[in-house]
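Participant: For the sequence shown, this note's numbering assigns the number 351 to the initial residue and increments by one for each residue that follows.
All residues carry an ideal CB built from backbone N, CA and C; glycine is no exception.
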Amino acid sequence: MSSGPMPEIKNTGPLKPGLVCDRFLFFSFLIGLVVFILALFLNPQRAWYNYLIEFFYFLTIGLGAFVFAAVQYVANGTWSVSIRRVAEGFAAYLPVSLILLIGLFFGIGSLYEWSEFIPEHYFTYTKHVYLTSLWFIVRELIFFGIWIVLALLIVRFSLKQDESENPSLTRKNKKLSIIFLIVFGFTFTFASIDLLMSLEEHFYSTMFGVYCFSGLFLSGISATAIIVILLRGRGYLENGVEHIHLHDLGTWMMAFSVFMVYIGFSQYMLIWYADLPHEITYFIPRSKNGWQFVLLMLPLLKWILPFIVLMPDKNRANPAVIFAVAVGVLVGQWLDVYWMVVPTFSESFRMVSWIEVGVFLMFLGIFGLSVRYFYKKYPLLAKGDPNLESCVTGRYQHV
Numbered sequence: 351m352s353s354g355p356m357p358e359i360k361n362t363g364p365l366k367p368g369l370v371c372d373r374f375l376f377f378s379f380l381i382g383l384v385v386f387i388l389a390l391f392l393n394p395q396r397a398w399y400n401y402l403i404e405f406f407y408f409l410t411i412g413l414g415a416f417v418f419a420a421v422q423y424v425a426n427g428t429w430s431v432s433i434r435r436v437a438e439g440f441a442a443y444l445p446v447s448l449i450l451l452i453g454l455f456f457g458i459g460s461l462y463e464w465s466e467f468i469p470e471h472y473f474t475y476t477k478h479v480y481l482t483s484l485w486f487i488v489r490e491l492i493f494f495g496i497w498i499v500l501a502l503l504i505v506r507f508s509l510k511q512d513e514s515e516n517p518s519l520t521r522k523n524k525k526l527s528i529i530f531l532i533v534f535g536f537t538f539t540f541a542s543i544d545l546l547m548s549l550e551e552h553f554y555s556t557m558f559g560v561y562c563f564s565g566l567f568l569s570g571i572s573a574t575a576i577i578v579i580l581l582r583g584r585g586y587l588e589n590g591v592e593h594i595h596l597h598d599l600g601t602w603m604m605a606f607s608v609f610m611v612y613i614g615f616s617q618y619m620l621i622w623y624a625d626l627p628h629e630i631t632y633f634i635p636r637s638k639n640g641w642q643f644v645l646l647m648l649p650l651l652k653w654i655l656p657f658i659v660l661m662p663d664k665n666r667a668n669p670a671v672i673f674a675v676a677v678g679v680l681v682g683q684w685l686d687v688y689w690m691v692v693p694t695f696s697e698s699f700r701m702v703s704w705i706e707v708g709v710f711l712m713f714l715g716i717f718g719l720s721v722r723y724f725y726k727k728y729p730l731l732a733k734g735d736p737n738l739e740s741c742v743t744g745r746y747q748h749v
């Protein structure tokens with residue numbers, strides 16, 4: 351893609367209604383809801399831990415894509431202007447996730463041992479105070495409230511710029527994104543500790559939050575790539591998203607797959623080397639009885655696949671290759687969350703059952719409907735961004 355006059359960008363949205371897709375997502379949600387309610391009567395613990403798996407999984411995708419958009423604001427990322435609105439659209443799921451969080455509160459007693467019984471001789475005083483149902487609820491509501499308010503403000507200014515073309519709105523979003531990323535770093539660390547790490551009440555790792563973030567960010571980039579490629583295949587953002595933009599998106603996926611495996615290996619290696627009882631009790635059950643095969647799949651799908659496949663330049667500009675790798679990453683992220691949660695409740699590997707499929711469909715439906723609602727209501731392109739011309743004409747230094 352060479353520099354030149356700015357081409358006319360066609361089909362910038364909003365997304366045209368698609369009854370087949372909407373109906374599929376709606377019925378997925380309904381079928382999943384029925385399955386979840388039925389599972390609450392037949393196997394309540396399995397129903398709730400699957401609720402937690404899907405809640406955290408789709409939260410990482412929604413938050414991860416928006417974090418990617420915020421990073422582009424902070425870094426003055428010119429290359430990403432034509433795809434940034436797609437990533438911003440994932441923020442539409444965040445208010446819905448708050449409602450789903452309230453639903454999760456009803457399952458605290460089935461998920462977290464500390465909610466009912468705390469063996470004093472295993473807990474420090476600080477842990478005794480921190481791990482209570484009340485403070486758990488208060489913390490999560492604060493975290494989600496902060497994410498939602500800041501995300502909606504950033505999206506609001508971005509949409510307002512479509513009409514006004516006021517460059518000061520970009521500067522406002524840069525400042526807001528800096529605040530968001532700093533606050534997000536702390537709050538997501540504590541949220542991942544609350545939601546996942548506290549399932550094993552005696553385990554703690556100072557790298558756990560960073561590990562969860564690495565999966566979140568890689569998943570967010572991958573989900574953004576999938577939607578961009580699907581939209582591009584349907585004729586949207588014509589002349590706005592070209593191979594050079596896909597190349598840079600693929601580079602981000604490849605780079606952060608390395609970050610993910612670095613954090614994952616560092617956490618595992620330090621715990622293995624120290625051999626401390628309160629740390630190895632987390633990894634030992636997750637390394638035997640069938641769980642070791644899931645453990646081996648994680649670096650394959652979230653590091654080896656994106657790193658090796660996307661290393662050649664031609665693959666990073668190939669929509670089909672990027673799409674396949676991104677799907678593999680999202681499958682790996684789901685397995686990762688599954689591997690972090692289920693061994694708490696089952697020593698041996700549990701095959702996916704109708705409960706897992708049903709609860710997944712419920713969350714897939716509500717996630718897809720919320721994001722599609724945004725795309726059908728608002729333009730798919732940040733038309734008023736002052737860097738749009740440089741983005742679509744290739745007048746920037748791509749990564």
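1. Just how far apart, CA to CA, sit P364 and L500?
2. Give me, in chain order, the residues of the same chain whose beta-carbon lies closer than 7 angstroms to that of Q395; leave out the 5 immediate sequence neighbours on both sides.
3. Can we say the region 667-685 touches the region 718-729, given the rule of at least three CB pairs closer than 8 angstroms?
4. What are the start and end residues of each continuous beta strand (DSSP E) run of 3 or more residues lying completely inside the region 667-734, in chain order?
5. Of all the options L369, D544, L413, which has the alpha carbon lying nearest to the alpha carbon of F563?
6. Between A420 and I528, what straight-line distance do the alpha-carbon atoms span, to the nearest angstrom?
7. DSSP state of K522, grouped into three classes?
8. Quick one: what does DSSP say E592 is sitting in, helix, strand or coil?
9. Hey, quick one: how far does the alpha helix (DSSP H) through H628 stretch, first residue to last?
10. For P729 and Y423, what's the separation of their Cα atoms in angstroms?
11. Rounded to the nearest angstrom, how far is the Cβ of S432 from that of L731, given a contact under 8 angstroms?
12. Between which two residues does the alpha helix (DSSP H) harbouring E513 extend?
13. Rounded to whole angstroms, what's the CA-CA distance from F699 to N426? Just pull it up for me.
14. Please report how far the alpha carbon of F405 lies from the alpha carbon of G453, in whole angstroms.
15. Can you give me the C-alpha to C-alpha distance between V479 and W485, rounded to a whole angstrom?
16. State yes or no: is the C-beta of F440 within less than 7 angstroms of the C-beta of F713?
17. Does the region 577-596 come close enough to the region 644-653 that 3 or more CB-CB pairs lie under 8 angstroms?
18. Quick one: Cα of P357 to Cα of Q511, how far?
19. Between the Cα of I492 and the Cα atoms of G734, F540, P635, I654, which residue gives the shortest distance?
20. With the cut-off set at 7 angstroms, would you say V742 and G640 are in Cβ contact?
21. At what residues does the alpha helix (DSSP H) containing N639 begin and finish?
22. Can you find at least 3 beta carbon pairs, one from the region 519-526 and one from the region 502-510, that sit closer than 8 angstroms?
23. Our contact map puts L481 next to S548 with C-beta atoms below 8 angstroms; I'd like the distance itself, whole angstroms only.
24. I need the boundaries of the alpha helix (DSSP H) containing I576, first residue and last residue.
25. Starting from F440, trace the alpha helix (DSSP H) both ways and give me its first and last residue.
26. Counting only runs of 4+ residues fully inside the region 397-446, write out the alpha helix (DSSP H) ranges in chain order.
27. What residue range does the alpha helix (DSSP H) around S460 cover?
28. Just checking my contact of L596 with A667 at CB under 8 angstroms: how many whole Å lie between their CB atoms?
29. So, are the CB atoms of F657 and M603 less than 7 angstroms apart?
30. Would you kindly work out how many angstroms separate the C-alpha atoms of F710 and N400, rounded to a whole number?
31. Starting from T743 and walking both ways along the alpha helix (DSSP H), at which residues does that stretch end?
32. Are the Cβ atoms of Q642 and Y561 separated by less than 7 angstroms?
33. Measure the CB-CB distance between V691 and I403 and report whether it falls below 7 angstroms.
34. Rounded to whole angstroms, what's the CA-CA distance from R434 to C371? Just pull it up for me.
35. Buried or exposed, going by whether 16 or more other CB atoms sit within 10 Å of the CB of S607?
36. Out of I496, M610, S637, F376, which has the shortest C-alpha to C-alpha gap to I532?
Facilitator: Put simply:
1. So the alpha carbons of these two residues sit roughly 23 angstroms apart.
2. S460, F695
3. no
4. none
5. L413
6. Rounded to whole angstroms, A420 to I528 spans 8 angstroms at the Cα level.
7. helix
8. coil
9. 627-633
10. 18 angstroms
11. 6 angstroms
12. 483-514
13. 45 angstroms
14. Spanning the two alpha carbons is a distance of roughly 10 angstroms.
15. C-alpha of V479 to C-alpha of W485: approximately 8 angstroms in a straight line.
16. no
17. With a cut-off of 8 angstroms, the region 577-596 and the region 644-653 do not count as touching, because too few Cβ pairs lie within range.
18. 20 angstroms
19. F540
20. no
21. Neither: N639 is in no alpha helix (DSSP H) and is coded neither H nor E.
22. yes
23. 6 angstroms
24. 558-583
25. No alpha helix (DSSP H) holds F440; DSSP gives it neither H nor E.
26. As far as the region 397-446 is concerned, its whole alpha helix (DSSP H) runs of at least 4 residues are 431-438.
27. 458-461
28. Their Cβ separation, rounded to whole angstroms, is 6 angstroms, which keeps L596 and A667 in contact under 8 angstroms.
29. no
30. Near 8 angstroms, if we compare the C-alpha coordinates of N400 and F710.
31. 738-743
32. Judged by their CB atoms, Q642 and Y561 are not nearer to each other than the 7 angstroms cut-off.
33. yes
34. 23 angstroms
35. buried
36. I496
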